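Residue numbers (numbering that gives the first Met the number 0): 0 to 47.
Only one structure is covered here, and it is reproduced in the block below.
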Amino acid sequence: MDIEQEPNETREVAELRTVAEKLAAEAVRRKCGDNVSVIIIKLDIVDV
Numbered sequence: 000m001d002i003e004q005e006p007n008e009t010r011e012v013a014e015l016r017t018v019a020e021k022l023a024a025e026a027v028r029r030k031c032g033d034n035v036s037v038i039i040i041k042l043d044i045v046d047v
């Protein structure tokens with residue numbers, strides 16, 4: 000996947016931003032409405 004990083008943006012943040020943009024674009028393309036939001040949650044497993 001070709002991802003452009005913004006200045007001071009990590010690779011991970013750039014990847015998440017790109018995924019969110021693509022999800023929102025697909026929702027609009029499928030006529031899901033003109034107000035589309037994408038929330039991405041990152042879960043980390045912590046050993047206790």
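Ideal Cβ positions, reconstructed from N, Cα and C, are used throughout, including at glycine.
Quick caveat: nothing in here was measured; it's all calculated off a predicted structure.
Coarse secondary structure for residue i, derived from DSSP in three states
{"i": "K21", "result": "helix"}
{"i": "V37", "result": "coil"}
{"i": "L15", "result": "helix"}
{"i": "V27", "result": "helix"}
Candidates the options: closest to residue i by CA position
{"i": "I39", "options": "D33, V47 and T17", "result": "T17"}
Contacting residues, own chain, Cβ-Cβ under 6 Å from residue i (five flanking each side not counted)
{"i": "A23", "result": "V35 and V37"}
{"i": "A13", "result": "I2 and Q4"}
Contacting residues, own chain, Cβ-Cβ under 8 Å from residue i (five flanking each side not counted)
{"i": "A49", "result": "The shown model of the chain, from 0 to 47, leaves out residue 49, and the question about it has no answer."}
{"i": "R10", "result": "I2 and Q4"}
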